[in-house]
Amino acid sequence: MIKKLTFEEIQEKQPDLERLRTLERCPVVVIADNIRSLHNVGALFRTSDAVRLQHLYLCGITGQPPRDEIRKTSLGAEESVPWSYVPDANPLIATLKQQGYQIVALEHTNSSCDFRRPIYRFPVCLLIGHEYQGVGQSLLDKADAAVEIPMHGIKQSLNVSVAYGVMIYELLRQYEQLSDIHEYD
Numbered sequence: 005m006i007k008k009l010t011f012e013e014i015q016e017k018q019p020d021l022e023r024l025r026t027l028e029r030c031p032v033v034v035i036a037d038n039i040r041s042l043h044n045v046g047a048l049f050r051t052s053d054a055v056r057l058q059h060l061y062l063c064g065i066t067g068q069p070p071r072d073e074i075r076k077t078s079l080g081a082e083e084s085v086p087w088s089y090v091p092d093a094n095p096l097i098a099t100l101k102q103q104g105y106q107i108v109a110l111e112h113t114n115s116s117c118d119f120r121r122p123i124y125r126f127p128v129c130l131l132i133g134h135e136y137q138g139v140g141q142s143l144l145d146k147a148d149a150a151v152e153i154p155m156h157g158i159k160q161s162l163n164v165s166v167a168y169g170v171m172i173y174e175l176l177r178q179y180e181q182l183s184d185i186h187e188y189d
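When we follow the working numbering, the leftmost residue of the sequence shown carries the number 5, and every step to the right adds one.
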């Protein structure tokens with residue numbers, strides 16, 4: 005029989021903030037450029053916490069904590085996710101490339117492929133962009149690859165925070181497979 009876990013039983017399985025600081029992080033950084041909705045930013049934090057993201061860079065007009073709208077959606081995950089604000093993502097990408105990061109844009113482009121096809125090279129920097137305008141061309145010019153999530157309905161894309169969740173879990177899956185990590189077994 006399947007029995008739903010209580011909140012307390014679920015909490016017992018999770019690390020506290022002190023323990024979290026000692027655990028290995030997924031070797032992925034995210035550049036969230038020009039995300040206008042603070043609720044989307046909160047969702048990015050919450051999902052980033054779930055995968056133990058290495059770092060979340062908030063760039064351009066993207067709002068930063070402390071903001072009530074972010075906290076409402078993140079449920080406090082901005083305290084457990086390493087993050088920083090960088091006004092312009094362009095020089096940041098150059099620095100990350102020098103550090104060996106593969107730069108992958110989640111965007112519809114003339115060379116995008118299904119996000120499930122590539123074998124990613126870690127560490128990875130994932131670029132996500134504005135809810136309507138997407139990832140800017142100046143950032144795409146610096147990307148090593150562009151991927152997209154197949155859409156089979158009338159809409160061409162998912163909400164940015166939902167698309168991020170789909171993509172980051174594919175990156176986590178591949179990293180765990182390469183590393184033979186099975187934390188959730």
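Backbone N, C-alpha and C fix where the C-beta goes; we use that ideal spot for every residue, glycine too.
Residue of the options minimising C-alpha distance to residue i
i, options, result
"residue 74", "66, 60, 42", "42"
"residue 121", "16, 177, 88, 32", "177"
Burial state of residue i (16 or more Cβ within 10 Å)
i, result
"residue 19", "exposed"
"residue 8", "exposed"
"residue 183", "exposed"
"residue 189", "In this prediction, residue 189 has a pLDDT of 34, which is less than 50 and means its spatial position is unreliable; what the coordinates show is noted afterwards. Exposed, since its Cβ has fewer than 16 Cβ neighbours within 10 Å."
"residue 14", "exposed"
"residue 104", "exposed"
"residue 157", "exposed"
Residues of its chain near residue i, where Cβ-Cβ distance is below 6 Å and the 5 sequence neighbours each way are ignored
i, result
"residue 171", "110, 119"
"residue 67", "42, 45"
"residue 169", "51"
First and last residue of the uninterrupted alpha helix (DSSP H) at residue i
i, result
"residue 166", "164-183"
"residue 72", "72-78"
"residue 95", "93-102"
"residue 9", "From DSSP, residue 9 is part of no alpha helix (DSSP H); its letter is neither H nor E."
"residue 81", "No alpha helix (DSSP H) holds residue 81; DSSP gives it neither H nor E."
Where the beta strand (DSSP E) through residue i begins and ends
i, result
"residue 141", "Note, residue 141: premise wrong, no beta strand (DSSP E); alpha helix (DSSP H) at 141-144."
"residue 131", "128-132"
"residue 109", "106-110"
Neighbourhood of residue i by C-beta distance below 8 Å, restricted to the same chain and skipping five residues each side
i, result
"residue 167", "110, 132, 153, 161"
"residue 135", "39, 40, 41, 44, 163, 164"
Nonlocal neighbours in the same chain, by C-beta distance under 7 Å from residue i, ignoring five residues either side
i, result
"residue 78", "46, 49, 50"
"residue 174", "119, 120"
"residue 24", "84"
>> For the region 81-94 against the region 105-120, do three or more pairs of beta-carbon atoms, one drawn from each stretch, fall closer than 8 Å, so that the two count as touching?
In response: No contact exists between the region 81-94 and the region 105-120.
query = Are the region 140-147 and the region 91-108 touching by the rule of at least three beta carbon pairs closer than 8 Å?
reply = Short answer: they touch.
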